[in-house]
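Chemist:
Residue numbers (our numbering): 783 to 1270.
Spelled out as structure tokens, the structure:
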């Protein structure tokens, strides 16, 4: 019987190879190189193929070994039988051998259920004849050779899967290639900003900015002076920060595991990197090597988040009520108004934690109990929910994508993203954000821990984040009451 684990590994490797071919073919047709996302995908596929090839080789070697062992055992059994009983003569297959189509238990049922809808009388007679033939075959076998009969027929009290009563013949199966990774939130917000390759050879990126502009004016009369105002400039700066992680493992685990443990650990480190980078883009403090996140940036009018000109307080748990100020929907419209009147651009998305999007589906109703955030086409509804995904675009509200991200803080209070247990709702023009990101570096360093037969696996990447090119591009809605932790 074919090894199902080997077959699955071969199928998975072939699928990865086809995906790699699709990536390279697409680049060849377009006469371009791989994008950053495609390069990361290509690298992940290469690691996966390496892991599968190693497992396939191990399983194929084990199958060859087991096949040789089974062949040797068969030769030994034939030799023993020939030595004890003279020549070993095979016999005709018995009535209920596993190669034939008749079932002993099916025939038992047929002889007792004839005429009651389970079997006809003809079927019952044929089954009865087979059972009688089987009884005669067993008697002949037992008479002719008690030793062989002892091997052919059960002589047991009550064996089961408990060790000592047969359990050793049912070994546990470890499907290590189907291991369960640690669940982590993704990098939804980081992927929605403008993404550019990090320039080499620098630790700070500076963007010049026009602080006050030149002016034009109507020329009241011919030959009057033309309006002339000098522009003033400033600099928007972002440091190139490092996000890194490592894991020390024994050389024995690296070499003796049937799967590539380095691939498992690098995949885990990469997932944690994605989650941390996303959190930095959202709520990094800008100090101690952190990025300046969208929620912590200075505002257009002040450097203090509590007095930010584009901060909105949601004071009512009601989603929408025309007579009530500070409802969730009216707060969202107010936040949108700040961006459009200060940045003169429309926001592109509404960011929420998944629990807030779920609360809108569950709790956001009007006085007639009609849902205001629905999964079907809008009808008497303010918003529409689309695909049931945990993270990503969950629907639309006020004409904007509702984007769920599990890295958004749920520790908010009124005017602050800390010191509370509430949610935050963020409206943002994501095209004003820029993420400069370098390639992920993966290193295996055996020399450092060679004295104890260990290997250090390390992953790191450099990045710079601009969420403060246009501070009015971000509008934050908080409220201890209005956005309190929802209950379901």
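Here a beta-carbon is modelled for each residue, glycine too, at the ideal position from N, C-alpha and C.
Buried or exposed: which applies to residue 1074, given that a residue is buried once 16 or more other Cβ atoms fall within 10 Å of its Cβ?
Modeler: Buried, because 16 or more other Cβ atoms sit within 10 Å of the Cβ of residue 1074.
Chemist: In whole angstroms, give me the CA-to-CA distance for residue 1077 and residue 1020.
Modeler: Computed Cα separation, rounded: 15 Å.
Chemist: What is the DSSP secondary structure of residue 876, reduced to helix, strand or coil?
Modeler: Coil.
Chemist: Apart from the five residues on each side of it in sequence, which residues of its chain come closer than 7 Å, Cβ to Cβ, to residue 1250?
Modeler: Excluding positions up to five away in sequence, the list reads 1018, 1074, 1079, 1080.
Chemist: Give the straight-line distance between the Cα atoms of residue 1127 and residue 1035, rounded to the nearest whole angstrom.
Modeler: Distance between the alpha carbons of residue 1127 and residue 1035 is about 55 Å.
Chemist: With DSSP as the reference, please indicate the residues paired to residue 1244 in a beta bridge.
Modeler: 1024, per the DSSP bridge assignment.
Chemist: Classify residue 833 as buried or exposed, calling it buried when 16 or more other Cβ atoms lie within 10 Å of its own Cβ.
Modeler: Answer is buried; the Cβ neighbour count reaches 16.
Chemist: Residue 1119: which of 1211, 1056, 1201, 1185 sits nearest, CA to CA?
Modeler: When only C-alpha atoms are compared, the closest one is 1211.
Chemist: I want to know whether the segment 1260-1267 touches the segment 1194-1210 - three or more CB-CB distances under 8 Å.
Modeler: With the cut-off at 8 Å, the segment 1260-1267 and the segment 1194-1210 touch.
Chemist: Residue 979 to residue 1003, Cα distance in whole Å?
Modeler: About 52 Å.
Chemist: Ignore the nearest five residues each way along the sequence and tell me which others in residue 1086's own chain have a CB closer than 6 Å to its CB.
Modeler: With a pLDDT of 40 at residue 1086, under the threshold of 50, the predicted position of this residue should be treated as unreliable, and no value is reported.
Chemist: In three-state DSSP terms, what is residue 990?
Modeler: Three-state result, residue 990: strand.
Chemist: Give the secondary structure of residue 1137 by DSSP, where H, G and I count as helix, E and B as strand, and everything else as coil.
Modeler: Residue 1137 falls in the helix class under three-state DSSP.
Chemist: Between the beta-carbon of residue 1133 and the beta-carbon of residue 1185, is there less than 7 Å?
Modeler: Yes, they are a contact pair.
Chemist: Does the beta-carbon distance from residue 967 to residue 1189 come in below 7 Å?
Modeler: Yes. Within cutoff.
Chemist: Note down the Cα distance separating residue 1143 from residue 1243, rounded to an integer number of angstroms.
Modeler: When rounded, the distance between both Cα atoms is 38 Å.
Chemist: Report the three-state DSSP secondary structure of residue 1258 (helix, strand or coil).
Modeler: Three-state result, residue 1258: strand.
Chemist: What residue from 987, 997, 944 has the CA that sits closest to residue 1013's CA?
Modeler: Comparing Cα positions, the closest option is 997.
Chemist: Does the beta-carbon of residue 871 have 16 or more other beta-carbons within 10 angstroms, so that it is buried, or is it exposed?
Modeler: Confidence at residue 871 is low in this model, with a pLDDT of 45, below 50, so its placement is unreliable and the value that follows should be read with caution. Burial call: exposed.
Chemist: Spatial neighbours of residue 801 within its chain, please: C-beta separation below 6 Å, excluding the five flanking residues on both sides.
Modeler: Within the same chain, residue 801 has close Cβ partners 827.
Chemist: Please say whether residue 1022 and residue 1246 have beta carbons closer to each other than 7 Å?
Modeler: Yes, the pair counts as a contact, with Cβ atoms nearer than the cut-off.
Chemist: Short check: CB of residue 948 to CB of residue 954, under 7 Å?
Modeler: No. Outside cutoff.
Chemist: Verify whether the separation of the beta carbon atoms of residue 959 and residue 837 is less than 7 Å.
Modeler: Their beta carbons are under 7 Å apart, which means residue 959 touches residue 837 by this criterion.
Chemist: Taking C-beta to C-beta, are residue 912 and residue 884 nearer than 7 Å?
Modeler: Contact: yes.
Chemist: Measure from the alpha carbon of residue 1187 to the alpha carbon of each residue in 985, 1196, 1176, then state which is nearest.
Modeler: Per the Cα distances, 1176.
Chemist: Distance, Cα to Cα, residue 1030 vs residue 1061?
Modeler: When rounded, the distance between both Cα atoms is 25 Å.
Chemist: So is residue 985 buried or exposed if we call it buried at 16+ other beta carbons inside 10 Å?
Modeler: It is exposed - the Cβ of residue 985 has fewer than 16 other Cβ atoms within 10 Å.
Chemist: Could you tell me whether the Cβ atoms of residue 1059 and residue 972 are closer together than 7 Å?
Modeler: Cβ atoms of residue 1059 and residue 972: closer than 7 Å.
Chemist: In three-state DSSP terms, what is residue 831?
Modeler: Helix, per DSSP.
Chemist: Going by alpha carbons, who is nearest to residue 1015 out of 842, 1194, 992?
Modeler: Out of 842, 1194, 992, 992 has the C-alpha closest to the C-alpha of residue 1015.
Chemist: From the DSSP output, read off the bridge partner residues of residue 796.
Modeler: Paired residue(s): none; residue 796 is not in a bridge.
Chemist: Taking DSSP's pairing of strands, which residues face residue 1218 in a bridge?
Modeler: Looking at the DSSP assignment, residue 1218 forms a beta bridge with 978, 1246.
Chemist: Using the three-state DSSP reduction, which class does residue 840 fall into: helix, strand or coil?
Modeler: Helix.
Chemist: Would you kindly report the start and end of the unbroken beta strand (DSSP E) that includes residue 1182?
Modeler: Element bounds for residue 1182: 1182-1186.
Chemist: Output the boundary residues of the beta strand (DSSP E) element that contains residue 1178.
Modeler: Per DSSP, residue 1178 belongs to the beta strand (DSSP E) from 1174-1179.
Chemist: Measure the beta-carbon distance from residue 1241 to residue 1027 and round it to whole angstroms, keeping in mind my assumption that it falls under 8 Å.
Modeler: 6 Å between Cβ atoms; contact.
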